[in-house]
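Working notes, beginning with the structure itself.
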Amino acid sequence: MQVETPRYFEWSRYRSAPPVELSALEKADHPIAIVGAGPVGLTLALTIAQYGIPVVLLEARDTLSDNSRTLAVTRRSVQILDRLGIAQAFREKAITRESNYVYHGRRLVSQAPYGQDPQEKYPDISVLQQPWTEKVLLDAVIESPYIDIRWLNAVTGINTSDPLRPELEVEAPEGVYSLAARYVIAADGARGQVRRSLGLKYEEIGDGVISRNFVICDFELRSDLPIARRLWICPPYRPNSAVILHRQPFDVWRLDYALDDDEDIEKAMSPDVVAGRVKEQLSLLGLSQDEFRLVWISSYRPMSRSLPCYRAGNVLFAGDAAHQTPIFGGRGMNQGLLDAANLGWKLALVLKGEAPEKLLDTYDAERRPLIVQNLHDIGLATLCMTAPTKGAALMRKAAFDLLPTEPFILPLIDAFNASKSECLDPAHKDMPTHPAVVGNPLPDCIVQIEGKSAFLHDLLCPASFTGLFFCVDDPGASIPATAEKTGARHRTYTEAVVHLRPHDRAKIVLADDAARARLEVEDGDWMLIRPDGYIQSRITRPSAQEIQHEYLRAIGCQVEIER
Amino acid sequence: MELQKSFRVVSSAIDKLRPDQATDFLARLVLILANEIGDAEKIANAVDRALSPVSQGEEG
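The listed protein sequences correspond, in order, to chains A and B. My numbering numbers the first residue of the first sequence as 229 and each following residue consecutively. My numbering numbers the first residue of the second sequence as 22 and each following residue consecutively.
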């Protein structure tokens, strides 16, 4: 058995023009340089470009990710793509994960649908190979007049002797040059040159997690089986182990399994051994064992690490450059996109002169505690499955033995839906997913816009704060003018009026009681939604001064107001 | 007499098992009881108390 070239994606080789730094007499003055054009760097570049700010995007390779990598894309990530105007292009390629099946031996012990909440515009989990996700982002980057993407431009070092203007050393095909920017964003992955050049080290988080190797392989096979994630506990060919099978788009499948302590990883990754595993698995599904093509074999050892701070002067870190999260439960790339969404608007407002520089400190203050909490949660949630010690191995065997008869065991074994809190307010972090409280992402719901069905998130303006004003009757003059609310120099605030019931002059109406209950809104409620979708403030019948105060507080101007 | 009844039923179950099965049985029992109790702090406290004779033995 050979590993063959995948057919689900055609990788192009990209070229870019010679860097201006090699021909210009004077150094170019760049506001932002992003290192790494993976999904995080691409998302961040697009987010900043939405505000009309030029971005240089440096990428050492000349192509997109060379294998399927992150498959599960969460609703929040697709909402971020939506704000960038590319969610539709993403969804045209992606498939929706419909179900989660759990087997014990040959027996199906659980079949649960993934969340298909009618009040949400996007499904709980979309599935798409990472090169496709990157292609969707890249197409938009290429269209943007503000993004200068430079392929085969490898960062080899960084000089921060001028802390306000870090300078990157870059090797391009045309020569070596230096590039200074007001802010450098490292989105260059776990082995990124920026972090290493600055001598910054990750901290281990949690119980040191998971000293176990996993093998991962993709194979192509036509099948009409439902689009699901399938977890086998104690498959007949390998008792006391667990195997995960993912359905991908374009007739591709992924098999993912842990190795035992005494297994030789080189041998376990040989195509013949992996193909044997695939055949055993296909046999369990009653599928032909002779018609698949192996297209990728790799291994990974889950990491649980974070930098102690995501900002070092004017250098900021995002995605795997800032933290390495185990991939279980769709945490890797998805957390990186949340970094990009959080950081992007802050950088943009600071560079536009609308927000004070200290706003950038809130990126670390907001994102790192969530990442650390996630790392603790996932370490705990996967302890049973990874069983890194003899005690955990004993308890895992007990859990496996009980699974067929004791439904309560399932969450212990299947960590996919383990807590992934995104709430910025510690007081609310343990609340269920949907409550529309300050610090949570805004829940979506169905609205009618001039009689047509749409979603609340469609009202959120790209590259802007959005004030949502909920009322029963026409608010008329009760809504003060926007300029008055936010101050003349602050322009990144827009407003929408949402009626709680149909009304003669109501353009936008909540569709039903379910939508109203989901938002827990009453007549006169006002919400301030950040550009990254978080609820910043909630006030009933706010004055113009209160609205202005909340907006300025959101962009880091609280002290100025208090003075 | 609840504790006495519990003592009897657990010991009777262990008596029916081979020695190599007893550890697995007790692990399964712990998981079921932990779920019934539903309080990780109580379990952690119980674990400490159950470890106590081992610790004292090592100190002695």
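Glycine included, each C-beta is placed from N, C-alpha and C at the ideal position. Being a predicted model, the structure only gives us computed values, none of them experimental.
**Report entry** CB-CB length for residue 413 of chain A against residue 577 of chain A, believed under 8 angstroms
**Finding:** Sequence index remark: in the first sequence, residue 413 of chain A carries index 185 (1-based). Sequence index remark: in the first sequence, residue 577 of chain A carries index 349 (1-based). Actually they are not in contact, since the Cβ atoms of residue 413 of chain A and residue 577 of chain A sit about 15 angstroms apart, beyond 8 angstroms.
message: Short of 8 angstroms in beta carbon distance, which residues of its chain neighbour residue 774 of chain A, apart from the five on each side in sequence? Order them along the chain.
response: Stepping through the first sequence from its first residue, residue 774 of chain A is reached at position 546. 767.
* Cα-Cα separation, residue 788 of chain A to residue 778 of chain A -> On the first sequence, residue 788 of chain A is found 560 positions in, with the first residue counted as 1. On the first sequence, residue 778 of chain A is found 550 positions in, with the first residue counted as 1. Summary for residue 788 of chain A: the model assigns pLDDT 48, below 50, so the residue's position carries little reliability; its value from the coordinates is reported in the next sentence. Spanning the two alpha carbons is a distance of roughly 12 angstroms.
Mind pulling the chain A residues with CB within less than 9 angstroms of residue 52 of chain B?
Here residue 52 of chain B refers to the residue found at position 31 of the second sequence. Within chain A, the residues 623, 626, 627, 630, 634, 636, 637, 640 have their CB atoms less than 9 angstroms from the CB of residue 52 of chain B, given in chain order.
- Message: Does the segment 742-755 of chain A come into contact with the segment 690-698 of chain A, if we say contact requires no fewer than three beta-carbon pairs (one atom in each stretch) closer than 8 angstroms?
- Response: Contact between the segment 742-755 of chain A and the segment 690-698 of chain A is present, with at least three C-beta pairs closer than 8 angstroms.
- Work out the CA separation of residue 548 of chain A and residue 568 of chain A for me, nearest whole Å. Taking the first sequence and counting its residues from 1, one reaches residue 568 of chain A at position 340. Taking the first sequence and counting its residues from 1, one reaches residue 548 of chain A at position 320. About 12 angstroms.
With a floor of 3 residues, list each beta strand (DSSP E) that falls wholly inside the segment 467-496 of chain A, ordered by position along the chain. You should have 470-476, 480-486.
Is residue 690 of chain A closer than 8 angstroms to residue 427 of chain A when the C-beta atoms are compared? Against the first sequence, residue 427 of chain A aligns to sequence position 199. Against the first sequence, residue 690 of chain A aligns to sequence position 462. Against a cut-off of 8 angstroms, the Cβ pair of residue 690 of chain A and residue 427 of chain A comes out as no contact.
field: Between the CA atoms of residue 284 of chain A and residue 259 of chain A - distance to the nearest angstrom
entry: As a first step, residue 259 of chain A must be located in the first sequence, where it is residue number 31. As a first step, residue 284 of chain A must be located in the first sequence, where it is residue number 56. Roughly 9 angstroms between the two C-alpha positions.
Of the listed residues A:380, A:668, A:303, nearest to residue 349 of chain A (C-alpha basis): Locating residue 349 of chain A in the first sequence gives position 121, counting from the first residue. With respect to the C-alpha of residue 349 of chain A, the residue from A:380, A:668, A:303 having the closest C-alpha is A:303.
**Request:** Name, in chain order, the residues that DSSP records as bridge partners for residue 528 of chain A.
**Result:** The residue you call residue 528 of chain A lines up with position 300 of the first sequence. DSSP lists A:442 as the beta-bridge partner residues of residue 528 of chain A.
Beta-carbon neighbours of residue 65 of chain B, restricted to chain A and to distances below 8 angstroms: The residue labelled residue 65 of chain B in the question sits at position 44 within the second sequence. Near residue 65 of chain B there are no residues of chain A at all, since even the closest Cβ is about 13 angstroms away, more than 8 angstroms.
I want to verify the contact list: residues of chain A whose CB lies under 8 angstroms from the CB of residue 48 of chain B, in sequence order.
Sequence index remark: in the second sequence, residue 48 of chain B carries index 27 (1-based). Neighbours of residue 48 of chain B on chain A, chain order: 622, 623, 625, 626.
Q: For residue 523 of chain A, name the three-state secondary structure that DSSP assigns.
A: One-based indexing of the first sequence puts residue 523 of chain A at position 295. For residue 523 of chain A, the three-state secondary structure derived from DSSP is strand.
Can you check whether the CB of residue 459 of chain A is closer than 8 angstroms to the CB of residue 444 of chain A?
Residue 444 of chain A sits at position 216 when you count from the first residue of the first sequence. Residue 459 of chain A sits at position 231 when you count from the first residue of the first sequence. If you check the CB distance, residue 444 of chain A and residue 459 of chain A do not come in under 8 angstroms.
**Message:** With H, G and I counted as helix, E and B as strand and the rest as coil, what does DSSP make of residue 722 of chain A?
**Reply:** Sequence index remark: in the first sequence, residue 722 of chain A carries index 494 (1-based). Residue 722 of chain A falls in the strand class under three-state DSSP.
Going by C-alpha to C-alpha distance, which of A:331, A:345, A:346 sits closest to residue 339 of chain A? For this step, residue 339 of chain A is matched to residue 111 along the first sequence. Among A:331, A:345, A:346, the Cα nearest to that of residue 339 of chain A belongs to A:331.
| message | Just to confirm, is the Cβ distance from residue 434 of chain A to residue 544 of chain A under 8 angstroms? | response | Here residue 434 of chain A refers to the residue found at position 206 of the first sequence. Here residue 544 of chain A refers to the residue found at position 316 of the first sequence. With contacts defined as CB atoms closer than 8 angstroms, residue 434 of chain A and residue 544 of chain A fail to qualify as a contacting pair.
Note to self: With a threshold of 8 angstroms between beta-carbons, can residue 544 of chain A be considered close to chain D, or not?
What the structure shows: Among the protein chains of the structure shown, namely A and B, there is no chain D.
In three-state DSSP terms, what is residue 753 of chain A? Position 525 of the first sequence, counting from 1, holds the residue named residue 753 of chain A. Here DSSP, grouped into helix, strand and coil, assigns residue 753 of chain A to strand.
In whole angstroms, give me the CA-to-CA distance for residue 58 of chain B and residue 28 of chain B. The sequence position of residue 58 of chain B within the second sequence is 37, counting from 1. The sequence position of residue 28 of chain B within the second sequence is 7, counting from 1. In this structure, the straight-line span from the alpha carbon of residue 58 of chain B to that of residue 28 of chain B is close to 18 angstroms.
For residue 298 of chain A, which residues of its own chain have a beta-carbon under 8 angstroms away from its beta-carbon, when the five flanking residues on both sides are left out?
In the first sequence, the residue the question calls residue 298 of chain A occupies position 70. Cβ within range, chain order: 267, 358, 361, 555, 558, 560, 561, 562.
Query raised in the report: In three-state terms, what does DSSP make of residue 415 of chain A?
Result: The sequence position of residue 415 of chain A within the first sequence is 187, counting from 1. Of the three classes helix, strand and coil, the one that applies to residue 415 of chain A here is coil, per DSSP.
Thinking C-beta only, is residue 739 of chain A closer than 8 angstroms to residue 756 of chain A?
Residue mapping note: residue 756 of chain A aligns to position 528 of the first sequence, counting from 1. Residue mapping note: residue 739 of chain A aligns to position 511 of the first sequence, counting from 1. Note that the C-beta distance between residue 756 of chain A and residue 739 of chain A is not below 8 angstroms.
| request: Kindly list, in the order they appear in chain A, the residues whose Cβ is closer than 8 angstroms to that of residue 45 of chain B. | output: If you number the second sequence from 1, residue 45 of chain B lands on position 24. Result: 622, 625, 626, 629.
Check: Hey, how far is the Cα of residue 752 of chain A from the Cα of residue 734 of chain A?
Finding: Counting from one through the first sequence, the residue named residue 752 of chain A turns up at place 524. Counting from one through the first sequence, the residue named residue 734 of chain A turns up at place 506. The straight-line gap separating the alpha-carbon atoms of residue 752 of chain A and residue 734 of chain A is approximately 15 angstroms.
Check whether the segment 472-487 of chain A and the segment 533-540 of chain A touch, using three or more Cβ-Cβ pairs below 8 angstroms as the test. Flag = no, the segment 472-487 of chain A and the segment 533-540 of chain A do not touch.
Practice item. Please classify residue 705 of chain A: is it buried, with 16 or more other beta-carbons within 10 angstroms of its beta-carbon, or exposed? Key: Here residue 705 of chain A corresponds to residue number 477 of the first sequence, with the count starting at 1. In this predicted model, residue 705 of chain A has a pLDDT of only 47, less than 50, meaning its place in the structure is not dependable enough to derive any value.
Of the residues A:368, A:364, A:417, A:395, the one placed nearest residue 288 of chain A, counting alpha carbons only: If you number the first sequence from 1, residue 288 of chain A lands on position 60. The candidate whose alpha carbon is nearest that of residue 288 of chain A is A:417.
ask   = Whose C-beta lies closer than 6 angstroms to the C-beta of residue 384 of chain A among residues of the same chain, with five residues either side of it excluded?
value = For this step, residue 384 of chain A is matched to residue 156 along the first sequence. The answer, listed in chain order, is 397, 399.
Requested in this report: Label residue 670 of chain A either buried or exposed according to how many other C-beta atoms from any shown protein chain fall within 10 Å of its C-beta, with 16 as the threshold for buried.
Outcome: Taking the first sequence and counting its residues from 1, the one referred to as residue 670 of chain A is at position 442. With a 10 Å radius around the Cβ and a threshold of 16 neighbouring Cβ atoms, residue 670 of chain A comes out buried.
### Integer Cβ distance of residue 45 of chain B from residue 629 of chain A, believed to fall under 8 angstroms
By 1-based counting over the second sequence, the position of residue 45 of chain B is 24. By 1-based counting over the first sequence, the position of residue 629 of chain A is 401. Cβ atoms of residue 45 of chain B and residue 629 of chain A come within 8 angstroms of each other, at about 7 angstroms.
Going by C-alpha to C-alpha distance, which of A:737, A:666, A:614 sits closest to residue 675 of chain A? Within the first sequence, the letter at position 447 stands for residue 675 of chain A. Closest in alpha carbon position to residue 675 of chain A, among A:737, A:666, A:614, is A:737.
Residues near residue 347 of chain A in its chain [Cβ-Cβ closer than 7 angstroms; skip 5 each side]: Reading the first sequence from its first residue, position 119 is the one you call residue 347 of chain A. Shown here for residue 347 of chain A: same chain residues with a beta carbon closer than 7 angstroms to its own, the five before and five after excluded, namely 672, 673, 674, 742, 743, 746 in chain order.
- So, is the C-beta of residue 72 of chain B closer than 8 angstroms to a C-beta in chain A? Translated into positions along the second sequence, residue 72 of chain B becomes position 51. Chain A, which has no Cβ nearer than 8 angstroms to the Cβ of residue 72 of chain B, makes this no.
Decide if the segment 633-643 of chain A is in contact with the segment 493-513 of chain A; the criterion is three or more beta carbon pairs, one per stretch, under 8 angstroms apart. Touching, no, given that fewer than three Cβ pairs across the two stretches are closer than 8 angstroms.
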